[in-house]
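*Asks:* Sequential numbering from 1 applies to the sequence shown in UniProt numbering. Have a look at the structure that comes next, please.
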Amino acid sequence: MTDTAAPAPAALSASTVLRRHAEQQYAEELDALARADRRPRPENWRLSPQAVVTYLLGGTLDDGFVVTPKYIGARRLIEIAVATLATDRGLLLYGVPGTAKSWVSEHLAAAVSGDSTLLIQGTAGTGEEQLRYGWNYAELLAHGPSEKALVPSPLMNAMRGGRIARIEELTRIPADVQDTLITVLSEKTLPVPELGVEVQAVRGFSVIATANNRDKGVNELSSALKRRFNTVILPVPASEEEELAIVVKRVTEMGRALDLPAEPPALREVRRVVQIFRELRNGQTEDGKTRLKSPSGTLSTAEAISVVGNGMALAGHFGDGVVGAADLASGLLGAVIKDPVQDAVVWQEYLETVVKERDGWKDLYRACRAHG
């Protein structure tokens with residue numbers, strides 16, 4: 001019996017990657033902005049601060065090229081975030097889950113550095129070596145500490161290249177590990193005592209960190225570390241129309257990226273999901289006439305996008321390709337009911353007092369009752 005070698009995997013093409021990095025997905029827009037940009041750019045920035053804001057918020061260039069919005073919200077918040085990156089302070093994007101902190105972080109890094117991949121994911125198990133540097137232990141044991149044995153972290157690579165380093169969920173990292181950042185952010189150096197050298201940050205280097213205030217078991221930032229960051233709080237969408245626009249845009253992009261065999265859902269269906277989320281989140285109906293109990297979950301905009309996206313998948317693969325109440329019901333149930341006892345009571349009360357009585361919502365009421 002002869003062994004047959006497995007075929008080598010084919011190189012990934014852009015069309016086969018499930019989710020491309022921002023600088024790849026929006027390369028055409030970034031290139032158009034760079035060509036049209038005549039304003040001063042900080043050293044090692046791909047775009048000027050004004051062009052970075054245009055990339056995030058969208059706009060039409062002088063030659064008619066349309067830049068799509070990546071963030072729908074207050075312009076001033078994005079201006080403050082971009083201005084912070086042009087100073088010597090780090091940027092902390094703070095807020096409840098689902099307020100696009102990671103999304104904004106990625107697009108800021110893509111627009112400023114042309115590289116959003118210098119990423120450290122914060123967890124309870126994140127150690128100092130993941131923030132600073134590690135070692136190739138085979139090389140270390142064979143030849144001792146050397147530059148060749150050093151394994152740089154994304155933070156170190158960002159310092160060397162004058163780029164943006166991203167740290168996700170900073171408050172999930174243990175407090176003593178968090179404080180590793182203090183020297184980097186204040187002195188712009190990263191000592192490597194084993195080699196007797198230090199890495200000095202090149203102009204253009206900065207750190208964007210994200211954190212949310214709703215997770216349990218988070219680690220409070222020390223006052224010394226807080227002072228090294230400028231904090232920008234990203235709020236939940238201010239109005240139903242703003243949240244609706246975000247969900248429609250992201251769901252349409254998701255459908256294209258995943259080649260879902262379903263039509264983008266009718267605005268009416270998306271509006272119903274958004275309205276349910278907003279009412280339960282705010283503890284009252286949109287007209288303010290009925291007080292409601294709120295469930296234990298956050299019911300974020302990101303979760304609304306997931307509910308509608310799941311509805312598209314159901315309609316496309318197991319229905320007629322048109323998203324309806326039955327396709328949304330199971331996703332709504334899963335999003336609202338995180339605590340099977342407390343949240344189930346909240347949801348049933350909302351169904352009976354609001355959904356059942358609302359004009360034109362009988363189909364959704366019946367579909368939700370059938371699912372739970």
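Cβ atoms here follow ideal geometry from the backbone N, Cα and C, with glycine treated the same way.
Between T117 and H21, what straight-line distance do the alpha-carbon atoms span, to the nearest angstrom?
*Replies:* By 1-based counting over the sequence shown, the position of residue 117 is 117. By 1-based counting over the sequence shown, the position of residue 21 is 21. If you take the alpha carbons of T117 and H21, they lie about 8 Å apart.
*Asks:* For chain B, check one thing: does any of its Cβ atoms lie closer than 8 Å to the Cβ of S223?
*Replies:* Chain labels in this structure do not include chain B; a single protein chain is all it has.
*Asks:* Could you tell me if G64 is buried or exposed, where buried requires 16 or more neighbouring beta carbons within 10 angstroms of its beta carbon?
*Replies:* Within the sequence shown, the letter at position 64 stands for residue 64. G64 is exposed by the Cβ-count criterion.
*Asks:* Take D363 and list the residues in its own chain whose beta-carbon comes closer than 6 Å to its own, dropping the five residues that flank it on each side.
*Replies:* Within the sequence shown, numbered from 1, the residue matching residue 363 stands at position 363. A325.
*Asks:* Going by DSSP, what residue range makes up the alpha helix (DSSP H) through E28?
*Replies:* Counting from 1 along the sequence shown, the entry for residue 28 is found at position 28. Counting along the chain, the alpha helix (DSSP H) containing E28 begins and ends at A27 to A36.
*Asks:* For E29, which option in R19, V66 and S48 has the closest C-alpha, if you only look at C-alpha atoms?
*Replies:* Sequence index remark: in the sequence shown, residue 29 carries index 29 (1-based). Put simply, of R19, V66 and S48 the residue whose alpha carbon is nearest the alpha carbon of E29 is V66.
*Asks:* Smallest Cα separation from R75: which of D115, I233 and V96?
*Replies:* In the sequence shown, residue 75 corresponds to position 75, counting from 1. Among D115, I233 and V96, the Cα nearest to that of R75 belongs to I233.
*Asks:* Rounded to whole angstroms, what's the CA-CA distance from H143 to D176? Just pull it up for me.
*Replies:* Locating residue 143 in the sequence shown gives position 143, counting from the first residue. Locating residue 176 in the sequence shown gives position 176, counting from the first residue. Pairing H143 with D176, the inter-Cα distance amounts to about 31 Å.
*Asks:* Return the chain-ordered list of same chain residues with a C-beta closer than 8 Å to the C-beta of V247, the five sequence neighbours on each side being excluded.
*Replies:* Along the sequence shown, read from residue 1 onward, the residue named residue 247 stands at position 247. These residues qualify, in order along the chain: V270, V273, V274, T301, A304, I305 and V308.
*Asks:* Between which residues of its own chain and D115 is the CB-CB distance below 6 Å, once the five residues before and five after are set aside?
*Replies:* Reading the sequence shown from its first residue, position 115 is the one you call residue 115. Same-chain partners within the cutoff: R163.
*Asks:* Let's see if you can read the secondary structure: which residues bound the alpha helix (DSSP H) around I305?
*Replies:* The residue labelled residue 305 in the question sits at position 305 within the sequence shown. First-last of the alpha helix (DSSP H) with I305: T301 to F318.
*Asks:* Can you list, in chain order, the residues of its chain whose CB lies under 7 Å from that of I182, leaving out five sequence neighbours each side?
*Replies:* The count along the sequence shown starts at 1 and reaches residue 182 at position 182. So the qualifying residues of the chain are A224, L225 and R228.
*Asks:* If we count the other Cβ atoms within 10 Å of its Cβ and call it buried at 16 or more, is P154 buried or exposed?
*Replies:* If you number the sequence shown from 1, residue 154 lands on position 154. So P154 ends up on the buried side.
*Asks:* Across which residues does DSSP place D186 in a beta bridge pair?
*Replies:* As a working note, residue 186 is residue 186 in the sequence shown. Reading off the sequence, residue 186 comes out as Ser, not Asp. Note: S186 sits in no beta bridge, so no partner.
*Asks:* Output the distance between the C-alpha atoms of L33 and Y55, rounded to the nearest integer angstrom.
*Replies:* By one-based count along the sequence shown, residue 33 stands at place 33. By one-based count along the sequence shown, residue 55 stands at place 55. Each residue's Cα considered, the two are about 8 Å apart.
*Asks:* Does the distance from the CB of P265 to the CB of V346 come in under 8 Å?
*Replies:* On the sequence shown, position 265 is the one that residue 265 refers to. On the sequence shown, position 346 is the one that residue 346 refers to. No. Outside cutoff.
*Asks:* Bridge partners of S206, per DSSP?
*Replies:* The residue labelled residue 206 in the question sits at position 206 within the sequence shown. S206 is bridged to I164.
*Asks:* What three-state label does DSSP hand E263 in the structure shown?
*Replies:* In the sequence shown, counting from the first residue as 1, residue 263 sits at position 263. E263 falls in the coil class under three-state DSSP.
*Asks:* Could you tell me the alpha carbon to alpha carbon distance between L91 and D31, rounded to whole angstroms?
*Replies:* Within the sequence shown, the letter at position 91 stands for residue 91. Within the sequence shown, the letter at position 31 stands for residue 31. If I take the Cα positions, the gap works out to 25 Å.
*Asks:* DSSP three-state call for P49: helix, strand or coil?
*Replies:* Residue mapping note: residue 49 aligns to position 49 of the sequence shown, counting from 1. Looking at P49 - three-state DSSP - the assignment turns out to be helix.
*Asks:* What are the start and end residues of the alpha helix (DSSP H) that includes T252?
*Replies:* Along the sequence shown, one-based indexing puts residue 252 at 252. Note, T252: alpha helix (DSSP H), E240 to L258.
*Asks:* Taking the beta carbon of R19 as the centre, do at least 16 other beta carbons fall within 10 Å, making it buried, or is it exposed?
*Replies:* As a position in the sequence shown, residue 19 is number 19, starting the count at 1. With fewer than 16 Cβ atoms within 10 Å of its Cβ, R19 is classed as exposed.
*Asks:* Taking buried to mean at least 16 other C-beta atoms within 10 Å of its own C-beta, is A100 buried or exposed?
*Replies:* For this step, residue 100 is matched to residue 100 along the sequence shown. Answer is buried; the Cβ neighbour count reaches 16.
*Asks:* On the three-state DSSP scale, how would you describe T290?
*Replies:* As a first step, residue 290 is located in the sequence shown; it is residue number 290 there, counting from the start. Judged by DSSP in its simplified three-state form, T290 adopts coil rather than helix or strand.
*Asks:* Check the DSSP bridge columns for Q121 and list the partner residues they point to.
*Replies:* As a first step, residue 121 must be located in the sequence shown, where it is residue number 121. Per DSSP, E168.
*Asks:* Within the same chain, show all residues whose beta-carbon is closer than 7 Å to that of R160, passing over the 5 residues directly before and after it, in chain order.
*Replies:* As a working note, residue 160 is residue 160 in the sequence shown. These residues qualify, in order along the chain: V199 and V202.
*Asks:* Assuming Y365 is part of the alpha helix (DSSP H), what are its boundary residues?
*Replies:* The residue you call residue 365 lines up with position 365 of the sequence shown. Segment K362 to A370, the alpha helix (DSSP H) holding Y365.
*Asks:* Contact defined as beta carbons within less than 8 Å: I believe G95 pairs with P235. What is the distance between those atoms, to the nearest angstrom?
*Replies:* In the sequence shown, the residue the question calls residue 95 occupies position 95. In the sequence shown, the residue the question calls residue 235 occupies position 235. Yes, G95 and P235 are in contact; Cβ-Cβ is about 6 Å, under 8 Å.
*Asks:* Please state whether the Cβ-Cβ distance between P145 and E194 is less than 8 Å.
*Replies:* By 1-based counting over the sequence shown, the position of residue 145 is 145. By 1-based counting over the sequence shown, the position of residue 194 is 194. Contact flag set, yes.
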